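In the working numbering, the protein residues as written are -10 to 234.
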Amino acid sequence: MKHLFLIGIGTGNPDHLTQEAISAIAEADLFLVPRKGSSKSDLVDLRVRIIGQVRDNPAVAYFDMPVRDEMQPYADRVHAWHDEIARRWATSLAERPDADKVALLVWGDPSLYDSTLRIAERLMPRPKISVVAGITSLQALTAAHAMPLNDLNAPVTITTGRRLRDEGWPEGAETVVVMLDGKCTFQRLKGTDYDIWWGAYLGMPEQVLAAGRLSDVGPKIVHMRARAREAHGWIMDTYLLRRRT
Ligand SMILES: C[S@@+](CC[C@H](N)C(=O)[O-])C[C@H]1O[C@@H](n2cnc3c(N)ncnc32)[C@H](O)[C@@H]1O
-10 MKHLFLIGIG
0 TGNPDHLTQE
10 AISAIAEADL
20 FLVPRKGSSK
30 SDLVDLRVRI
40 IGQVRDNPAV
50 AYFDMPVRDE
60 MQPYADRVHA
70 WHDEIARRWA
80 TSLAERPDAD
90 KVALLVWGDP
100 SLYDSTLRIA
110 ERLMPRPKIS
120 VVAGITSLQA
130 LTAAHAMPLN
140 DLNAPVTITT
150 GRRLRDEGWP
160 EGAETVVVML
170 DGKCTFQRLK
180 GTDYDIWWGA
190 YLGMPEQVLA
200 AGRLSDVGPK
210 IVHMRARARE
220 AHGWIMDTYL
230 LRRRT
């Protein structure tokens, strides 16, 4: 492989694909695709479907996603997992030495809470790496609620459910976007009053939204999330919180 394309595909809506992404898909010699088998296997299908929209008979090299060793401390566990994914990519690619341009379809955009770039940097010899920007879940959330991301001239903090749980409201923050939260951590916010804009399956036919004063709408979101997760077998959600002034 001489050139690796990391192509942002947006958040599950085939219409999120940019013209640049379509061109990169059309040019690739080979696609690296994580194999089915997870509870989110419909998302794997979506990647294959997206490639199929642009190409007939694309060459695909599948790899199995390794399982993280939950016994290790968080950082060690993630580093070891990335090392192992890079090894699996290399093994799959070794079977296709003729493929110069290889593409990986990345959910949303590769810059936002995604480690594909960090894994790609482990490849030896290191190929040229190009990124095609995709629509992030954050953009899909603000678009779905037809709202601006920031207040006038104000900063935005993007964080995870884990950090909100461990550290509470980020110091001095006005607007906080929370991703990777499987536990509705907004329930832990006490004291000050907040507004919330929440969305699950953003950009997909299953999309669900809720917004309002956190104290009013928070319990409803917990209920909606549990019901949707049960119905589909998986869920991805993102929310934006603002301090009420
Ligand atoms: C590993 S991160 C990947 C983010 C992705 N790179 C992006 O640009 O949005 C996964 C998190 O993104 C958010 N997410 C991704 N797709 C989503 C969707 N369709 N609807 C709601 N949230 C989504 C969720 O917070 C999920 O836990």
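Think of the CB as a built atom: it goes at the ideal place given N, C-alpha and C, for glycine as much as any other residue. Quick caveat: nothing in here was measured; it's all calculated off a predicted structure.
task: Could you check the C-alpha separation between V145 and T125 for me, to the nearest Å?
output: 15 Å
Based on Cα-Cα distance, which residue from V197, I14, L153 and E160 lies nearest to Q176?
-> L153
Can you list, in chain order, the residues of its chain whose CB lies under 7 Å from that of M213, leaving out five sequence neighbours each side? V197 and A199
Residue nearest to T105 in terms of C-alpha spacing, selected from A88, F(-6) and I147: F(-6)
Check your understanding: Does any heavy atom of ligand 1 sit closer than 8 Å to the C-beta of W96?
Key -> yes
Please state the DSSP three-state secondary structure of Y190. coil
Between the Cα of D103 and those of W223, I(-4), R233 and R218, spot the shortest distance and give me the residue it belongs to.
I(-4)
*Look at the Cβ atom of P55, then the Cβ atom of I74, and state whether they are nearer than 9 Å.*
yes
| message | I'd like to confirm the pairing. Which residues does DSSP put opposite H(-8) in its beta bridges? | response | K90 and K117
- request: Please list, in chain order, all residues of the same chain as K209 whose beta carbon is under 7 Å from its beta carbon, the five residues on each side excluded.
  value: A199
Does the beta-carbon of A189, which I'm using as the reference point, lie nearer than 8 Å to any heavy atom of ligand 1?
yes
message: For P23, list the residues DSSP reports as bridge partners.
response: F52
query = Do R111 and D65 come within 9 Å of each other at the CB atom, strictly closer than that value?
reply = no
Notebook entry, point to check: For the stretch 34 to 47 against the stretch 161 to 181, are there 3 or more C-beta pairs whose distance is under 8 Å?
Noted result: no
Report the option in S12, M(-10) and Y228 whose CA atom is closest to the CA atom of S131. Note that residue 131 is Thr in the sequence shown here, rather than Ser. Answer by Cα proximity: Y228.
- [ ] Give the straight-line distance between the Cα atoms of T174 and T234, rounded to the nearest whole angstrom.
- [x] 22 Å
For G201, the first and last residue of its enclosing beta strand (DSSP E):
V197 to R202
| said: Going by DSSP, what residue range makes up the beta strand (DSSP E) through R77? | reply: Note, R77: premise wrong, no beta strand (DSSP E); alpha helix (DSSP H) at Y63 to A83.
Could you give the residue range of the beta strand (DSSP E) that holds I288?
Lying outside -10 to 234, the shown extent of the chain, residue 288 is not represented and no answer is given.
| request: Taking only heavy atoms of ligand 1 into account, decide whether any of them is closer than 8 Å to the Cβ of D170. | output: yes
State buried or exposed for T181, treating a residue as buried only when at least 16 other CB atoms are found within 10 Å of its CB.
-> exposed
Return the first residue and the last residue of the alpha helix (DSSP H) that R107 is part of.
T105 to A109
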